[in-house]
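Enquirer:
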Ligand SMILES: Cc1ncc(COP(=O)(O)O)c(C=O)c1O
């Protein structure tokens, strides 16, 4: 078994050392599928092993198979940060193991969750009176929104942009709802007209689409949705965090009209996965969609349970890590990190624009740059493979009008101008090969 203090000190030391050297490790795991599985024992040990052996195997077996999301040169998907205060809070949350199924099962978890959701609501400039809580992911938050929308409207159709996240389609499929995708305009924004909404339960608008970070016209969509008796859900999973900065609030125009809104602090607010904030302007109706109290959970206190606001019963103490981040960085600290990410993205976009060999393929928004090398799709695809195989940077791609395009997403708190410059050098070096 373990000596908790001694093993704990070793685990913390391992963690601190990892964070110090993560920039020297390959960003994308350089292993082949099945390579790790072949080295792992086929069955669990019969006899107890020391925790030190777990740490040893972490280094010897697992480390090569990590894609290092904490690397300053991780530029894929949406780059994220697990910050030190949140890492420590996760440790303590695991030790406390609060399972907030009803208020009395963890008054602290329930009430801190309400508190931090409200703190973030204020920091983002969202309306008073919204009810916020935490789900694991934006996928679950949007699932809950579609359930609430169907409950309130009694309708079964979801409408979103062709560029909405796949979680909207997956959720509609899981719920047996019909999905209608609407085409986007030249700036990759969901069209507002040209389709009916009379039988629609929910219109999903996206602020910061996954592929291009484009921003749907939320105000116009909300007005149309409401005129037709539909629910308006806003997916701002990535870009919503930017609203802590006044200058990014242009993209929040009309969000105050939303019936629900999701933002992921685990994307761009320095909190490790999982932490997704979901607010609703209609808490009573939302709650009706989820409340179901079996006898064994009935209590005589008046307080309510956050399990009445979403699909799961058991709830992790996720608010602790968000609380730690908000307190240890302060709004000021968070703002300066996000501003630096946007500045670095603008810098990279400017290099792309200035070079005759490269092209910016979508307007640069927030901290994402979508670009391509002049030439064939196959060349861009091969270039992506080569830069990722170098281990120096990790980027991903998407398709725009059938063309293969590359994405550079900045979102790690350790990323500096030198890292972004390095990405540009690696891309150019590999392209010229
Ligand atoms: C706009 C948007 N919505 C939803 C999601 C899904 O997020 P999650 O992994 O938290 O379910 C993503 C993921 O990148 C996203 O970009």
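In our numbering, the protein residues as written are 668 to 1100. Even for Gly, the Cβ is constructed at its ideal location relative to N, Cα and C.
1. Taking a contact to mean a Cβ-Cβ separation below 8 angstroms, would you say residue 694 touches residue 723 in this structure?
2. Between which two residues does the alpha helix (DSSP H) holding residue 1015 run?
3. Could you give the residue range of the alpha helix (DSSP H) that holds residue 675?
4. Should residue 834 be listed as close to ligand 1, given that the test is whether its C-beta is under 7 angstroms from any heavy atom?
5. With a threshold of 6 angstroms on Cβ separation, who are the neighbours of residue 734 within its own chain once the five nearest residues in sequence on each side are excluded?
6. Grouping DSSP H, G and I as helix and E and B as strand, with all else coil, what is residue 780?
7. Got a sec? Which residues, its chain only, sit under 8 angstroms from residue 669 by beta carbon, not counting five neighbours each side?
8. Roughly how many angstroms lie between the CA atoms of residue 957 and residue 802, to the nearest whole one?
9. Return the residue from the list 782, 736, 1100, 988 that minimises the CA-CA distance to residue 1052.
10. In the region 943–972, which residue ranges form an unbroken beta strand (DSSP E) of at least 3 residues, counting only runs that do not cross its ends?
11. What is the DSSP secondary structure of residue 902, reduced to helix, strand or coil?
12. Entirely within the region 861–926 and at least 3 residues each: give me those beta strand (DSSP E) ranges in chain order.
13. Indicate whether the contact test is met: 3 or more Cβ pairs, each with one atom in the region 974–990 and one in the region 769–782, closer than 8 angstroms.
14. Should residue 637 go down as buried or exposed, given a rule of 16 or more other Cβ atoms within 10 Å for buried?
15. Take residue 963 as the anchor and find which of 692, 771, 749, 678 has the nearest alpha-carbon.
16. Can you tell me the Cβ-Cβ gap for residue 972 and residue 768, rounded? I've got them flagged as a contact below 8 angstroms.
17. According to DSSP, residue 1025 sits in a beta bridge with which residue or residues?
18. Got a sec, what are the start and stop residues for the beta strand (DSSP E) residue 849 sits in?
19. Taking 7 angstroms as the cut-off, is the C-beta of residue 806 nearer than that to any heavy atom in ligand 1?
20. Give the list of continuous alpha helix (DSSP H) stretches no shorter than 4 residues that lie fully inside the region 752–813.
21. Could you tell me if residue 1003 is buried or exposed, where buried requires 16 or more neighbouring beta carbons within 10 angstroms of its beta carbon?
22. Does residue 759 pass the burial test, meaning 16 or more other C-beta atoms within 10 Å, or should it be called exposed?
23. Considering only the alpha carbon of each residue, which of 976, 946, 943 lies closest to residue 959?
24. Within 10 angstroms of the Cβ of residue 1076, are there 16 or more other Cβ atoms? Answer buried if so, exposed if not.
25. To the nearest angstrom, how far is the alpha carbon of residue 861 from that of residue 920?
26. So what does DSSP say about residue 817, is it helix, strand or coil?
27. Beta-carbon within less than 7 angstroms of residue 856's beta-carbon, same chain only, minus the 5 sequence neighbours each way: which residues are those?
Expert: Let me spell this out:
1. no
2. From DSSP, the alpha helix (DSSP H) with residue 1015 extends over 986–1021.
3. 671–688
4. yes
5. 695, 696
6. helix
7. 717, 718
8. 14 angstroms
9. Looking at the Cα atoms, 1100 is the closest of the given residues.
10. Fully enclosed beta strand (DSSP E) runs of 3 or longer: 943–947.
11. strand
12. 869–873, 898–902
13. By the C-beta criterion, the region 974–990 is judged to be in contact with the region 769–782, since at least 3 inter-stretch pairs fall below 8 angstroms.
14. No answer is possible for residue 637: the residues shown for the chain start at 668 and end at 1100.
15. Nearest of 692, 771, 749, 678 to residue 963, Cα basis: 771.
16. Right, the Cβ-Cβ distance comes to about 7 angstroms (below 8 angstroms), so this counts as a contact.
17. 1040
18. 845–849
19. yes
20. 774–791
21. Exposed.
22. exposed
23. 976
24. buried
25. 22 angstroms
26. helix
27. 881, 882, 883, 884
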